[in-house]
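Chains as they are written, first to last, in the working numbering: chain A, 29 to 523; chain B, 3 to 392. In this text, a Cβ means the ideal position worked out from N, Cα and C, and glycines have one as well. It should be emphasised that the depicted structure is a prediction, and the values quoted were computed from it without experimental measurement.
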Amino acid sequence: MQMPPLDPAILARRSEIVAALRAIVPGEGVIDDLEGMRPYECDALSAYRQMPLVVVLPETVAQVSTILSYCQDNKVKVVPRGAGTSLSGGSMPVGDAILLGLGKFNRVLEIDYANRCARVQPGVTNLGISKAVEHEGFYYAPDPSSQIACSIGGNVAENSGGVHCLKYGLTTNNLLGIELVLMTGEVVRLGGKHLDSEGYDLLGVMTGSEGLLGVVTEVTVRLLRKPTTARAVLLGFPTEAGAADCVAAVIASGIIPGGMEMMDKEAVKCAEAYVGAGYPLDAEGLLIVELDGPPVEVDYLVERVAEIARGRGATTVRVSNDEQERVLFWAGRKAAFPAVGQITPDYMCLDGSVPRGRLVEVLAEMREMSKKHRLRVVNVFHAGDGNLHPLILFDANDADELHRAEEFGADILRLCVRVGGVLTGEHGVGIEKRDLMGVQFTEIDLDQQMRLKCAFDPDHLLNPGKVFPQLRRCAELGRVVVHHNKMPFPDIPRF
Amino acid sequence: MTTSTIKPRSPEELRQAVEWALNDGTTLDVRGQGSKIAFGKPMACDQVLDLSGLSGVVDYAPEELVVTLRAGTPISEVEALLAQRNQMLAFEPPDLGPLLGQEAGQGTLVGAVMGNLAGPRRLSAGAARDHLLGFSGVNGRGESFKSGGKVMKNVTGYDLSKLLAGSWGTLAVLDQVSVKVLPAPDQTRTLLLLGLDDAAAVRAMCAALGSPHDISGAAHLPGKTALRIEGVAPSVEARLKALRELLIDLDAGMEELGTLESRAFWREVRDVAPLKVASGSVVWKISCPPTEGPAIVARIKALRPSAEAFYDWSGGLIWLALPPSADADHTIVRGAIGAKGGHATLIRASEAVRAAVPVFQPQPAALAALAVRVKESFDPKRLFNPGRMG
Ligand SMILES: Cc1cc2nc3c(=O)[nH]c(=O)nc-3n(C[C@H](O)[C@H](O)[C@H](O)COP(=O)(O)OP(=O)(O)OC[C@H]3O[C@@H](n4cnc5c(N)ncnc54)[C@H](O)[C@@H]3O)c2cc1C
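Take a look at the structure:
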């Protein structure tokens, strides 16, 4: 992975920069020894590692603001970091950049049940929010599988999703406001406890901006009341096409399930061996469909889904009869990644999104690619919203396998784009998909995005080397070429 | 004032028109059907850029929950198409035509998206911003570009869809959009609570929203508080019953509306019909934390006793009508919002008034400067709807 060349002038000023940070964040908040920085050298895309220039862990918004304005004045780069669970290298350090960890911003500031929202610091974990409100029957809806560990600040930066996003939306649909520190050190608030923006929707832009636009120091999320009941239906099909058809038929019939997940035969086998969820081993495609709401509604919809599935040739139709069984149905899906981890030294988790109608075709083509690259692939995915998580099995100690896995992954993502989908549904571009951005976007598309970046961070100091395959200077991007009066009026109706 | 109209027939003609305008130094008044032209700061543009020549549904896949259409497609056409397959635009875009002095039933879907409009279901389903999956269009450099896609989940690059939704045509001219659609509910019923004052009504609506009964509309009109429940028949029945029990202690009279009556009722709420508007009245839209709604209205009424108001979004949206005045009472309205946050937008006023007062809520300096930089990153020469957002 090619990262921008390190700036020798910054490296040479390291001790001066460390001293400046110490003057801002006293005590143990500045870490500059190798051992202390080690835990920060990578995120969850652990094949790529890099020591930062120095780690700083501020505790107050004022400190964050002072750090950023110092960095702006001194042209020092900054990589923001939450819990470091990014799967795309979003929080991977950069050698001549400060790693700004938000871990100490870990307080729930306010819970407002009447207005159904919570105001929290960005280092609070995703699950921490739900835990803080569960005694009142509320929860925070987006539920990434990493929810025990990942921070809400990281969720905002990645626009994270989870199995319940089909019905309840992604992070961006569940955010009300943030407090943001710009590279200049200016602190601005976007949104609050009210809906919609008074001007441009910068909250929407910040969500999913992968730490490239500003540092989030406070988050207001929407809380939801927990549904009264939830039941899961386990559906096994003799073909993947049958399972995929069923997904389309459920949605076409007007049902939006709480979650609708699919696993292929390999994934079922791994999961079954790992947790013993009682999955049918003969199924080529397994669906887990969750319905939630009041008991009468859930019972009614469970029946309808089961009927649709039988009509599409399901050979297994099992409905959870109590909470324990529902959790068991999910256990295999939730443990699918570690379960696959049992049968391979390493795996690479991809994240393309495709139109649901192209699922079967994409799966079949992936199998062909698997032969070509001589690597196995296992599929687990959010079928309801067409978000694939192919897992490529390989051994990172074998340089050739690692290389083939990277090639295979890139081929899968190109395939996703070719059928009308996108490179990433929820894990972000980071460094992982950076060099594939040109597959989905033209140069003009990317320049437009970079110009927006320039509006926030004109010196490209925030999270450099991520998302964009090639950075262009803002001065160059900002130039407008106008050919005054040289152009005749085109042949377009005018009246 | 506006002199002539350019009407491109294809995305490429649209691009050429913008490129020409850039080189000619011509500013553009960008319009779908012009149904919301009486909104925003008055503009003095050199040309009208009329998008109605780019019309029609490109692709509709009900089982994908996506419709792709050209920018000039009338909203009525889209809604009729979706209805054939029992689907809908879940954000319930309001028809503000009559409020803005135009006929009902006009407007393009992209126009509604550009205003980030949303009806009563904003509470549970989000606004236009939450349903715009992707678009293609032309920036102020005369370049065609795209963002987003046609899939439900997509975090590839910045989410420019959110930014374009609510930009009132000031950043780029769209030629095509993909919008998320959802199944229409089998049934729609409404529980009416009678005789509650504003404060009690907002408490009741917040309690209902905090219940597991999945409320998809919560509005308070003078004397009448309405809670909407949608879904499949057995569920609607059970939730209505549970909701009645939850609110029994209020001691308010209760009535129910069936599906047809409910649809008509919520369409009126959506289109701001319940607001008593005299011919010269100015109309404000205030977004605030739901529990703050009644206090804000009370502060305004203390100074302007003839103010008329009703609440949607559980109290978080106030529609307010005030008697005519030269400054639309903007300092009173915005002063009433207070420290708990929120914003007021001037939706209806004469051209002179809109020219004189900030139509959109003024922002703190750092944020306002950022917004200017964002505008320039798309439209450096300020070709599109110059000054419309103030
Ligand atoms: C086992 C596992 C399962 C996962 N499952 C899912 C899943 O189901 N769905 C899903 O969407 N993701 C999933 N992820 C990915 C990951 O958990 C999410 O992307 C998560 O949101 C990252 O949060 P974090 O706090 O770890 O952020 P980090 O990894 O620390 O940072 C991620 C990005 O956010 C930026 N950032 C972090 N905090 C801030 C801040 N305060 N201000 C500005 N920028 C900031 C960083 O610069 C970086 O670009 C999974 C990861 C793992 C390891």
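Establish whether the CB of residue i and some CB of chain A are separated by less than 7 Å.
i, result
"aspartate 251 of chain B", "no"
"phenylalanine 362 of chain B", "yes"
"alanine 240 of chain B", "yes"
"tryptophan 22 of chain B", "yes"
"valine 157 of chain B", "yes"
"cysteine 208 of chain B", "yes"
"aspartate 161 of chain B", "yes"
"arginine 356 of chain B", "no"
"glutamate 15 of chain B", "yes"
Indicate whether at least one CB of chain B lies closer than 7 Å to the CB of residue i.
i, result
"lysine 494 of chain A", "no"
"tyrosine 228 of chain A", "yes"
"aspartate 224 of chain A", "yes"
"leucine 480 of chain A", "yes"
"alanine 90 of chain A", "no"
"valine 510 of chain A", "yes"
"serine 114 of chain A", "no"
"alanine 363 of chain A", "no"
Whole angstroms is fine: what's the gap from residue i's alpha carbon to residue j's?
i, j, result
"alanine 90 of chain A", "threonine 235 of chain A", "22 Å"
"threonine 4 of chain B", "glutamine 49 of chain B", "Caution applies to threonine 4 of chain B, whose pLDDT of 48 falls short of 50 and renders its modelled position unreliable; the value that the coordinates give is listed next. Rounded to the nearest angstrom, the two C-alpha atoms are 6 Å apart."
"asparagine 118 of chain B", "isoleucine 39 of chain B", "15 Å"
"proline 388 of chain B", "alanine 334 of chain A", "56 Å"
"proline 325 of chain B", "valine 83 of chain A", "59 Å"
"proline 364 of chain B", "glutamine 108 of chain B", "30 Å"
"leucine 230 of chain A", "valine 247 of chain A", "14 Å"
"alanine 114 of chain B", "leucine 166 of chain B", "11 Å"
"valine 405 of chain A", "glutamate 389 of chain A", "15 Å"
"threonine 190 of chain B", "aspartate 199 of chain B", "25 Å"
"aspartate 177 of chain B", "glycine 144 of chain B", "13 Å"
"aspartate 548 of chain A", "lysine 195 of chain A", "Lying before the first or after the last residue shown, residue 548 of chain A is absent from chain A, which here runs from 29 to 523."
"glycine 493 of chain A", "leucine 134 of chain B", "29 Å"
"lysine 221 of chain A", "glutamate 393 of chain A", "47 Å"
"glycine 27 of chain B", "threonine 470 of chain A", "27 Å"
"valine 326 of chain A", "serine 126 of chain B", "19 Å"
"proline 86 of chain A", "threonine 113 of chain A", "20 Å"
"leucine 83 of chain B", "glutamate 94 of chain B", "15 Å"
"threonine 347 of chain B", "leucine 403 of chain A", "58 Å"
"arginine 259 of chain A", "valine 355 of chain A", "9 Å"
For a contact meaning CB atoms closer than 7 Å, what does residue i contact in chain B?
i, result
"glutamate 214 of chain A", "Ala368"
"alanine 280 of chain A", "Pro64 and Glu65"
Identify the contact partners of residue i in chain B, using a Cβ-Cβ distance below 9 Å as the criterion.
i, result
"alanine 276 of chain A", "Glu65 and Glu66"
"serine 74 of chain A", "Simply none; closest approach about 21 Å."
Can you pull the chain A residues whose beta carbon is under 7 Å from the beta carbon of residue i, in chain order?
i, result
"serine 289 of chain B", "His222, Leu223 and Asp224"
"asparagine 387 of chain B", "What asparagine 387 of chain B touches in chain A: nothing, since even the nearest Cβ is about 13 Å away."
Sort the options by Cα distance to residue i and report the nearest one.
i, options, result
"aspartate 101 of chain A", "A:Gly414, A:Leu489, A:Leu128 and A:Val382", "A:Leu489"
"asparagine 154 of chain A", "A:Asn134, A:Ala301 and A:Met211", "A:Asn134"
"glycine 382 of chain A", "B:Asn156, B:His332, B:Gly260 and B:Ile302", "At residue 382 of chain A the sequence reads valine, which differs from the glycine that was named. Valine 382 of chain A has its Cα closest to that of B:Asn156, out of B:Asn156, B:His332, B:Gly260 and B:Ile302."
"aspartate 314 of chain B", "B:Glu294, B:His332 and B:Asp329", "B:Glu294"
Could you list which residues in chain A have their beta carbon closer than 9 Å to that of residue i, in chain order?
i, result
"glycine 168 of chain B", "Asp224, Ser225, Gly227, Tyr228, Asp229 and Gly232"
At a CB-CB cut-off below 8 Å, which residues of chain B make contact with residue i?
i, result
"glutamate 186 of chain A", "Val157"
Counting only Cβ pairs nearer than 8 Å, list the residues of chain A close to residue i.
i, result
"tryptophan 315 of chain B", "Leu223"
Using a Cβ cut-off of 7 Å, pull out every chain C residue sitting near residue i, in sequence order please.
i, result
"glutamine 468 of chain A", "Any reference to chain C falls outside this structure, whose protein chains are A and B."
**Report entry** Interface positions of the region 87–121 of chain B facing chain A (Cβ-Cβ less than 7 Å), listed along the chain
**Finding:** Listed by position along the chain: Asn88 and Asn118.
Query raised in the report: Which residues, in chain order, does the region 405–416 of chain A contribute to contact with chain B at a C-beta distance below 9 Å?
Result: So the close ones are His410, Gly412, Asp413, Gly414 and Asn415.
Query raised in the report: Looking at chain B, which residues of the region 30–46 of chain A have a Cβ within less than 9 Å of any of its Cβ atoms?
Result: Cβ contacts with chain B: none found.
Requested in this report: Using a Cβ-Cβ cut-off of less than 9 Å, give me the residues of the region 253–274 of chain B that come near chain A, in sequence order.
Outcome: The residues in question: there are none.
Query raised in the report: Any residues in the region 61–87 of chain B with a beta carbon nearer than 7 Å to a beta carbon of chain A? Which ones, in chain order?
Result: Per Cβ criterion, the list reads Ala63, Pro64, Glu65, Glu66 and Leu67.
Report task. Output, in sequence order along the chain, the residues in the region 136–149 of chain B whose CB is closer than 8 Å to any CB in chain A. Result -> Of all residues in the region 136–149 of chain B, only Asn141, Arg143, Glu145, Ser146, Phe147, Lys148 and Ser149 place a beta-carbon less than 8 Å from a beta-carbon of chain A.
Requested in this report: Could you run through the region 373–388 of chain A and flag, in chain order, every residue whose CB is less than 7 Å away from some CB of chain B?
Outcome: Residues Ser381, Val382, Pro383, Arg384 and Gly385.
Requested in this report: Check distances from the C-beta atoms of the region 321–335 of chain B to those of chain A and list, in chain order, the residues that come in under 8 Å.
Outcome: Taking a C-beta cut-off of 8 Å against chain A, none of the residues of the region 321–335 of chain B qualify.
Query raised in the report: Residues in the region 248–279 of chain A with C-beta within 7 Å of chain B's C-beta atoms, listed in sequence order?
Result: Residues passing the 7 Å Cβ filter: Arg253, Lys254, Pro255, Thr256, Ala276 and Ile279.
Report task. Taking a Cβ distance cut-off of 9 Å, strictly less, list which residues of the region 157–174 of chain A are near chain B, in chain order. Result -> For the region 157–174 of chain A, which is checked against every Cβ of chain B, the residues closer than 9 Å are Glu164, Gly165 and Phe166.
**Report entry** Residues in the region 30–56 of chain B having any Cβ partner in chain A nearer than 8 Å
**Finding:** Answer in chain order: Gly55.
**Report entry** Residues of the region 175–192 of chain B whose Cβ lies closer than 9 Å to any Cβ of chain A, in chain order
**Finding:** Along the region 175–192 of chain B, the positions whose C-beta sits under 9 Å from a C-beta of chain A are Leu184, Pro185, Ala186, Pro187 and Asp188, read in chain order.
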